[in-house]
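A quick write-up on the structure given underneath.
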Amino acid sequence: MTVEIDKSLRDTPNPGSDAAIAIGCTCPRMDNGRGRGYMGVAGLFVYSADCPVHANREAGES
Ligand SMILES: [Zn+2]
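Residue numbering for the sequence shown follows the working numbering, starting at 1 and increasing by one per position.
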């Protein structure tokens, strides 16, 4: 049995989490509950437009 995990998601720590901050995340830390979720809502996050970790997830061109 094989369990597949979306690697692109797994490799990116939640916005505002310690792991994300450690690799340069500039997303709002308090707003994201330090990686737990926006206003305590799991899975909901706010992103910083200039975050080098999360802002470039979409492969779009500016
Ligand atoms: Zn970020």
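Glycine included, every Cβ here is placed at the ideal spot set by N, Cα and C.
Query, Result
"Applying the criterion that 16 or more other CB atoms from any shown protein chain within 10 Å of the CB defines a buried residue, is residue 52 buried or exposed?", "exposed"
"Looking at residue 38 and ligand 1, is the gap between the Cβ and the nearest heavy atom below 7 Å?", "no"
"What does the shell around ligand 1 hold, if a residue joins when its beta-carbon is under 5 Å from any heavy atom?", "15, 25, 27, 51, 53, 54"
"In angstroms with no decimal places, state the Cα-to-Cα distance between residue 62 and residue 54.", "Model confidence at residue 62 stands at a pLDDT of 49, short of 50, so the residue's coordinates are unreliable; what they give is reported in the following sentence. Straight-line Cα distance between these residues: approximately 15 Å."
"Please classify residue 49 as buried or exposed, where buried requires at least 16 neighbouring CB atoms within 10 angstroms.", "exposed"
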